[in-house]
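Visitor:
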Amino acid sequence: MIEFTKMNGNGNNFLVLENFKRAYTNEELRNLAIQACNTKFSIGADGILVIEESEIAEFKMRLFNSNGTEGEMCGNGARCIAKYAFYSGMASEKMRFETLAGIVEGQILGNEVMISMGRVDLSSLTLENTIAYGDGIIQYTYLVVGVPHVVIISEKNCVESLEEMKRIGRYLDGNHEVFPEGTNVNFVQTLYDNMIQNTTYERGVEDITESCGTGSCASAVVASMLWGMKSPVLVKNLGGDNKVWMKFDSDQKYCDIQLAGAANFSAQIKMLDI
Ligand SMILES: N[C@H](CCC[C@H](N)C(=O)O)C(=O)O
Numbered sequence: 002m003i004e005f006t007k008m009n010g011n012g013n014n015f016l017v018l019e020n021f022k023r024a025y026t027n028e029e030l031r032n033l034a035i036q037a038c039n040t041k042f043s044i045g046a047d048g049i050l051v052i053e054e055s056e057i058a059e060f061k062m063r064l065f066n067s068n069g070t071e072g073e074m075c076g077n078g079a080r081c082i083a084k085y086a087f088y089s090g091m092a093s094e095k096m097r098f099e100t101l102a103g104i105v106e107g108q109i110l111g112n113e114v115m116i117s118m119g120r121v122d123l124s125s126l127t128l129e130n131t132i133a134y135g136d137g138i139i140q141y142t143y144l145v146v147g148v149p150h151v152v153i154i155s156e157k158n159c160v161e162s163l164e165e166m167k168r169i170g171r172y173l174d175g176n177h178e179v180f181p182e183g184t185n186v187n188f189v190q191t192l193y194d195n196m197i198q199n200t201t202y203e204r205g206v207e208d209i210t211e212s213c214g215t216g217s218c219a220s221a222v223v224a225s226m227l228w229g230m231k232s233p234v235l236v237k238n239l240g241g242d243n244k245v246w247m248k249f250d251s252d253q254k255y256c257d258i259q260l261a262g263a264a265n266f267s268a269q270i271k272m273l274d275i
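Residue numbers for the sequence shown follow this note's numbering, beginning at 2 and rising by one.
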C-alpha cells in the first residue's frame, strides 16, 4: 500500500510521495508515476512529486511526469511541495529546496505560495524562430525556465482550438532534431495591459494541462520582451491565475523570476494493488 497526498496548483494536479529513506528506486518511481497517474485504471494525476533528503537545502523536490519521465522543475508543483512541507512541519513559512534545475525558495502567503525561481538565462533567447508545420510555418520563442519552453503567440499563428494546440504541442515535443530534450509548448494571447492568457501543452503529460507555472513564467517573459508588459504580469491559465514578477538585468541577459498562485490539498490516498 502506498500513501499519496493529492494536491493541485490551478488544476495542475500531483500525487505527493515521501521518499526520505530512498525506499523507492528511480525505476520504481518511474513505473509508479505511469501507473498511479492513469485516470481510468488508477488515481490519475499529471505527475508524482517526490520529496527526498537534500544535502544542500531543506529537502529535495523531484517530478515524475505521468509518462514516467523526470522533469527538472515544476512551478505549480513547487508551490504544492512548499505547502506540503509547511503543513507537515518539515519547514517554516520561508524555505529553500533543491530541484534538478537548482535551488528554489518558497514562501507561504496565506492560501497562496510564492516561489523564487532564481535567475533565468536569456542570453541565447531569440524571439522569432520559425519551424515548418503542415503547409505553413509557426513562429515561436524558445527559452528554458527550469524546463524547456516554446512560446507561440496564438493570434499571429492562427491557433484557435485546444485540439490544434495539442497537435502542435505533440509535433514540436516530438521533434528531437530541433528540441533534443522535447519541449513544453505555451500558447499566449494578450488580454489587457498586464494580463495574458496562457495555455500549455506539457512535455511528459503529452497533453494540455489546466495550468503550468514555469510556462506562465516563460510566457510572461516573452510578453514583457515583445509587448513591453510591466511586472507583475497576471497569467490566466485554464485552471486559474498565476502572477509573475520579473526583474531583468540592464542588458536583458538574465531575469530574476518569482511566481505566485494557489496550492491546494484535495485528498489523502492509499493506493492498492500495485
Ligand atoms: N506543470 C509544470 C511544468 C512541468 C514540466 C514538465 N511537464 C516537463 O517539462 O517535464 C509547472 O507548473 O511548471
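Even glycine gets a Cβ: it sits at the ideal position worked out from N, Cα and C.
Specify the secondary structure class of Val245 as computed by DSSP and reduced to three states.
Guide: In the structure shown, Val245 sits in a strand (DSSP, three-state: E or B).
Visitor: By DSSP, does Glu94 sit in helix, in strand, or in coil?
Guide: Reduced to three states, the DSSP call for Glu94 is coil.
Visitor: Quick check on the DSSP output: the beta strand (DSSP E) that includes Ser117 runs from which residue to which?
Guide: Counting along the chain, the beta strand (DSSP E) containing Ser117 begins and ends at Glu113 to Asp122.
Visitor: Do Trp228 and Thr191 have their CB atoms nearer than 9 Å?
Guide: A contact, by the Cβ cut-off of 9 Å.
Visitor: Contact defined as beta carbons within less than 8 Å: I believe Gly69 pairs with Phe15. What is the distance between those atoms, to the nearest angstrom?
Guide: With a Cβ gap of about 15 Å, Gly69 and Phe15 do not count as contacting.
Visitor: Which residue comes first and which comes last in the beta strand (DSSP E) that contains Val206?
Guide: Unbroken run through Val206: none, as it is neither H nor E.
Visitor: Is it buried or exposed for His177, if we count other Cβ within 10 angstroms and need 16 for buried?
Guide: The residue is exposed, with fewer than 16 neighbouring Cβ atoms inside 10 Å.
Visitor: Taking only runs of the alpha helix (DSSP H) that begin and end inside the stretch 214–246, which ones reach a length of at least 4 residues, in chain order?
Guide: You should have 214–228.
Visitor: Which parts of the stretch 38–74 are runs of the beta strand (DSSP E), unbroken and 3 residues or longer, counting only runs that do not cross its ends?
Guide: Listed in chain order, they are 48–53 and 60–66.
Visitor: Would the beta-carbon of Thr215 be found less than 8 Å away from any heavy atom of ligand 1?
Guide: Yes, since a heavy atom of ligand 1 falls inside the 8 Å radius drawn around the Cβ of Thr215.
Visitor: Given a threshold of 16 other Cβ atoms within 10 Å of its Cβ, counted over all protein chains shown, does Lys61 qualify as buried or as exposed?
Guide: By the 10 Å Cβ count, Lys61 comes out buried.
Visitor: Cβ-heavy atom distance between Thr210 and ligand 1 below 8 Å?
Guide: Result yes, Cβ under 8 Å from ligand 1.
Visitor: Relative to the alpha-carbon of Lys231, which residue among Asp47, Asn195 and Gly12 has its alpha-carbon at the smallest distance?
Guide: Of the candidates Asp47, Asn195 and Gly12, the one whose C-alpha sits nearest the C-alpha of Lys231 is Asn195.
Visitor: My output table needs one value for Met166: the three-state DSSP class, helix, strand or coil.
Guide: In the structure shown, Met166 sits in a helix (DSSP, three-state: H, G or I).
Visitor: Tell me, please, which residues DSSP counts as bridged to Cys81.
Guide: Its beta-bridge partners do not exist; DSSP assigns none.
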